[in-house]
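Below is one structure, written out as structure tokens; comments come after it.
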Amino acid sequence: RRWCSHMARAPTPEERAQLEAALAEVLAPEKSVTTSVPMEFGDAQVDQMAAFFVSEPIFAVADCGPRLCRSFGHGAADETRATAERMVHAMRGDMEACERYTKFLAITRALKGTDLLAASFKSGSCAEFWPAAGAMFRAPTHRYFTQGKRPVTLFAPVGIEPAQVLRIPKQQRYACLFYQVELYLETERARGEAGHVLIFDLAEFGWRHLHRRFLTQTVQLVGMLLKNAPEMVYKVAVVNAPGIFSIAWNAILPFANEHVQSKISISRGPNTEFLLDLVGPEGLPKDLGGTHEETDASASAFSGRAVEDMAWTTVTIPAGKTERHVVEVEAPPAEEGAEAVELYSLA
24 RRWCSHMARA PTPEERAQLE AALAEVLAPE KSVTTSVPME FGDAQVDQMA AFFVSEPIFA
84 VADCGPRLCR SFGHGAADET RATAERMVHA MRGDMEACER YTKFLAITRA LKGTDLLAAS
144 FKSGSCAEFW PAAGAMFRAP THRYFTQGKR PVTLFAPVGI EPAQVLRIPK QQRYACLFYQ
204 VELYLETERA RGEAGHVLIF DLAEFGWRHL HRRFLTQTVQ LVGMLLKNAP EMVYKVAVVN
264 APGIFSIAWN AILPFANEHV QSKISISRGP NTEFLLDLVG PEGLPKDLGG THEETDASAS
324 AFSGRAVEDM AWTTVTIPAG KTERHVVEVE APPAEEGAEA VELYSLA
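So the number in the working numbering is just where the residue sits in the sequence shown, counting from 1, plus 23.
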């Protein structure tokens, strides 16, 4: 509830003008707000960033700095320093980039609410984010339902290979997590209550998924959500868990405290009665015993033209071979005098 409530106030017209001017200044050099040069960093850089939160005047406008710290440092004894540490790590010690990125985040979140990534994604302007999100948020790997007693996120390791996920830069994986949080906040604001159900359907879980780095980093992402926004997760249900999942569970346990473990339910079968009692039949797909009729929109976390216009094709190239594939993109004729723009980025 804390995450939902402290972001509710919209900026006044005067504050909005100040924030927009500051944002224009941040973007004026035409530098990417996420590009950084790796440098050595430690406590001194974290302290410097924490002091920046106090000294930078724009953070006092619409309370955008403290709001950012309450979001990113939620649950820490010192939310400001915890946020500073996360920002320094995200920008790999590049303090100039860190200050620019932090101002961008705080200002944009104040102007747009909490849906920074969601808004950018729906408008199709997150081209660099597509490789990560496209791999992690497409059905049937990821499905999102909001029609039941509680909203449900359903994950299944279908079409996911550990090596594929590990190739995604860590910063993009974190962006995926923040994007998911924004979707949760959007849903919780509309419903007027907090608490999602996370279902992990492991029917397709196999030996190839017992990859140490893959398991560790996946659990760390889920752990970040449970630690920093515990009220967002009402229950975690692991269903259709095979016998080999016990190996993965032993790897997960060190990251799960007693509070987290109390929210987790593990079943060797579909556990249909438990799920129906938890979210109701209308909130579950038919493959888990529910009555929900899935559509392309309900089966994916994505919405908007950026996703609807995409067609996915899988191409397998044998090791040691080279192949040439031609990608044709058709665009409607531009209006006379209109400036040509790049419509798609391929990764």
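Every residue, glycine too, gets a C-beta built ideally from N, C-alpha and C. Small disclaimer: the values here were computed from a predicted structure and weren't measured.
Minimum Cα-Cα distance from VAL60 among the listed residues VAL69, MET114 and THR35 corresponds to MET114. Check the Cα spacing between LEU134 and each of GLU38, ALA252, LEU208 and VAL283: the tightest is with GLU38. For HIS219, the uninterrupted beta strand (DSSP E) segment begins and ends at 219-224. Under the 10 Å beta carbon count, ASN273 is surrounded by fewer than 16 other beta carbons and is classified as exposed. Pairing GLU63 with ALA120, the inter-Cα distance amounts to about 14 Å. By the criterion of at least three beta-carbon pairs nearer than 8 Å, the stretch 169-188 is in contact with the stretch 216-234. Nearest in C-alpha terms to PRO185, of all of ASP86, GLN195 and THR239, is THR239. Going by beta carbons, GLU48 and MET72 fall outside the 9 Å limit. A distance of 9 Å or more separates the beta carbons of LEU50 and ALA85. By the C-beta density criterion, LYS126 is buried, having at least 16 other C-beta atoms within 10 angstroms. Assigned with DSSP and collapsed to three states, ARG235 falls in helix. Residue nearest to ARG190 within the set MET159, THR164 and LEU206 is MET159 (criterion: CA-CA distance). Apart from the 5 residues on each side of it in sequence, ALA105 sits with its Cβ closer than 6 Å to the Cβ of GLY96 and ALA99 in its chain, given in chain order. Counting of Cβ neighbours within 10 angstroms places GLY306 among the buried residues, the total reaching 16 or more. Taking 8 Å as the upper bound for CB-CB distance, PHE297 and ALA260 are in contact here, some 7 Å apart.
Here the alpha carbon of ILE287 sits roughly 26 Å from the alpha carbon of ARG93. Rounded to the nearest angstrom, the gap between the Cα atoms of PRO293 and PRO36 is 52 Å.
Just measuring C-alpha positions, the residue of VAL262, THR169, ILE289 and GLY88 sitting nearest ILE130 is GLY88. Burial is judged here by how many other beta carbons sit within 10 angstroms of a residue's own beta carbon; LYS258 has at least 16 and is buried.
Beta bridge pairing from DSSP links VAL259 with LEU221 and ILE287. For the pair MET247 and HIS219, the CB atoms are not nearer than the 9 Å cut-off.
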